[in-house]
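For reference, each letter of the sequence shown is one residue, going 18 to 362 in our numbering.
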Amino acid sequence: MDESYIDLRSDTVTKPTPAMREAMASADVGDDVYGEDPTVNRLQEMVASILGKEAALFVPSGVMANQIALKVHTQPGDEVIAESGSHIFNYETAAAAFISNVQIHTIEGKRGVLTADQIPGAVRSSVYYNPKTRLICLENTHNRAGGTIYPIEEIKRISGLARSMEISTHLDGARLWNAWMATGIHPKEYGQWFDSVSVCFSKGLGAPVGSAIAGSREFVDKARKVRKILGGGMRQAGILAAAGIYALQNNVERLRDDHQKARSFAEQLNSLPGFAIDMETVQTNIVIIDIAKTGKTPGEIIAGLRALHVLLSEMTHTTIRAVMHLGVSKAEVAKAVEVIKSSRS
Ligand code: TLP
């Protein structure tokens with residue numbers, strides 16, 4: 018997208034900065050399918066250590082990270098519990114059915130968050146005709162709910178319950194970095210309650226490509242095999258992993274700026290006629306605007322703003338989304354607010 022657009026469609030739209038490109042260009046590389054890429058190995062060690070896990074695996078995308086976890090944790094015909102607005106259920110092209118042949122049992126949470134008392138009713142009894150409840154997936158922060166943060170106490174309760182019922186747990190932590198910066202709770206503290214955690218470098222952290230999946234050594238050995246089956250075994254991938262290392266070293270703290278931008282954007286637009294923002298969901302870098310009362314569809318609102326060079330994305334039939342990231346300055350966010358206000362007057 019050319020520079021005249023203010024692109025708030027997603028935090029995935031960031032481009033690597035000159036310094037990140039430099040780190041990529043000078044990365045030491047090897048063949049990662051042989052496990053010989055020193056930069057990939059270094060990134061994997063960093064991620065495992067940040068998440069307090071035995072090992073981690075570098076993968077091309079967040080979807081692949083989540084889907085590898087589903088494949089490793091389940092058997093065909095199993096059931097996976099996930100929140101109804103979760104990325105795994107809504108935005109991964111039914112990959113859970115396609116790849117793992119599992120069924121997702123959705124439960125509606127409040128602002129994306131499930132509580133432990135909702136879990137037992139969704140776990141299947143062991144009658145022979147029931148599917149086996151094998152895995153619980155949580156998402157922190159929760160994208161569709163507006164970047165909301167999972168309370169650590171609730172995570173603890175759900176995890177305790179899952180362990181007592183021998184159900185595995187996976188965290189879609191594509192934006193766990195945002196939760197970390199917003200709460201001060203370290204990824205390790207979140208990570209300890211899950212059997213596997215996926216994280217992304219290509220969202221708020223600004224890397225062009227790359228995610229990782231972390232867990233026990235045994236889990237990661239199995240994950241490596243699934244990654245290969247899915248065609249995700251990359252060769253001199255250190256050139257990409259270097260961007261992830263750079264991002265972890267330089268772009269985590271600055272996520273707080275994105276959170277401020279989101280807050281200010283939401284506060285200014287909340288009072289616009291026809292726009293409604295649940296301010297309690299504005300906890301990190303995402304703003305969801307309910308436009309139902311404008312009488313227009315998300316597509317119409319988005320097309321109108323696109324003509325004015327402000328890009329937002331469609332989230333549901335009645336909501337649009339703005340996401341803050343390192344590619345938009347405070348001044349550009351202010352400009353976007355002005356453009357949106359003038360489009361509504
Ligand atoms: N989310 C994308 C779209 O797919 C909606 C976005 O623009 O936000 N988990 C979560 C919570 C995500 O938000 C995403 C991407 C993924 C996983 C998948 O990551 P990628 O796109 O790298 O495969």
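Glycine included, every Cβ here is placed at the ideal spot set by N, Cα and C.
query                                                                                                                                                                    : result
Among residues of its own chain, excluding the 5 on either side of valine 326, which ones have a beta-carbon nearer than 6 Å to its beta-carbon?                         : The question names valine, but residue 326 is histidine in the sequence shown. Excluding sequence neighbours, histidine 326 sits near Ser21, Tyr22.
My understanding is that leucine 131 touches glutamate 100, with C-beta atoms under 8 Å, so please give their C-beta distance in whole angstroms.                        : 5 Å
Does the distance from the C-beta atom of arginine 161 to that of glycine 102 stay below 8 Å?                                                                            : yes
According to DSSP, is glutamine 120 part of a helix, a strand, or is it coil?                                                                                            : strand
Could you check what DSSP says for valine 30 in three-state terms: helix, strand or coil?                                                                                : helix
What number of angstroms, rounded off, separates the C-alpha of alanine 199 from the C-alpha of glutamine 300?                                                           : 7 Å
Go through its chain and collect everything with a Cβ distance to alanine 40's Cβ below 8 Å, but skip five positions before and after it.                                : Ala259, Ala260, Ile262, Tyr263
Answer yes or no: do isoleucine 6 and valine 76 have a C-beta to C-beta separation smaller than 8 Å?                                                                     : Summary: the structure shown does not reach residue 6, with the chain confined to residues 18 through 362, and so no result is reported for it.
Here's a check: name, in chain order, each residue in its chain whose Cβ is nearer than 6 Å to the Cβ of tryptophan 197, leaving out the five neighbours to either side. : Pro204
Give, in chain order, every unbroken run of the alpha helix (DSSP H) that is at least 4 residues long and sits entirely within the region 268-301.                       : 272-286
Who are the near neighbours of glutamate 270 in its chain, counting only those whose CB is closer than 8 Å to its CB and skipping five residues on each side?            : Met198
Distance check for leucine 155 and valine 64, CA to CA, integer angstroms please.                                                                                        : 19 Å
For glycine 138, is the classification buried or exposed, using 16 other Cβ atoms within 10 angstroms of its Cβ as the cut-off for buried?                               : exposed
Please state whether DSSP places histidine 104 in a helix, a strand or coil.                                                                                             : helix
Taking only the alpha-carbon atoms, compute the straight-line gap between lysine 173 and alanine 133 and give it to the nearest angstrom.                                : 9 Å
Does the Cβ-Cβ distance between valine 140 and isoleucine 121 come in under 8 Å?                                                                                         : no
Could you tell me the distance, in whole angstroms, from the CA atom of serine 362 to the CA atom of threonine 335?                                                      : 20 Å
Which one of Ala320, Ser359, Ala113 has the shortest CA to CA distance from leucine 286?                                                                                 : Ser359
Going by CA-CA distance only, name the one from Tyr51, Lys32, Phe236, Pro168 that's closest to leucine 87.                                                               : Phe236
Just how far apart, CA to CA, sit glutamine 277 and lysine 313?                                                                                                          : 29 Å
Can you check which of these residues, Ile124, Ile184, Thr150, Val214, is closest to asparagine 157 by C-alpha distance?                                                 : Val214
Just how far apart, CA to CA, sit leucine 401 and serine 233?                                                                                                            : Because the chain in this structure spans residues 18 to 362, residue 401 falls outside the shown range and cannot be described.
Going by DSSP in three states, histidine 187 sits in which element: helix, strand or coil?                                                                               : strand
Buried or exposed for asparagine 268, going by 16 or more other Cβ atoms inside 10 Å?                                                                                    : buried
Could you tell me the distance, in whole angstroms, from the CA atom of leucine 247 to the CA atom of methionine 182?                                                    : 30 Å
Do leucine 328 and aspartate 28 have their CB atoms nearer than 8 Å?                                                                                                     : no
Where does the unbroken alpha helix (DSSP H) through isoleucine 172 begin, and where does it stop?                                                                       : 169-181
Can you list the beta strand (DSSP E) stretches of 3 or more residues lying completely in the region 59-84, in chain order?                                              : 72-76
Among Arg323, Val354, Lys352, which has the Cα closest to the Cα of aspartate 19?                                                                                        : Arg323
Give the DSSP-derived three-state secondary structure of serine 330 in the structure shown.                                                                              : strand
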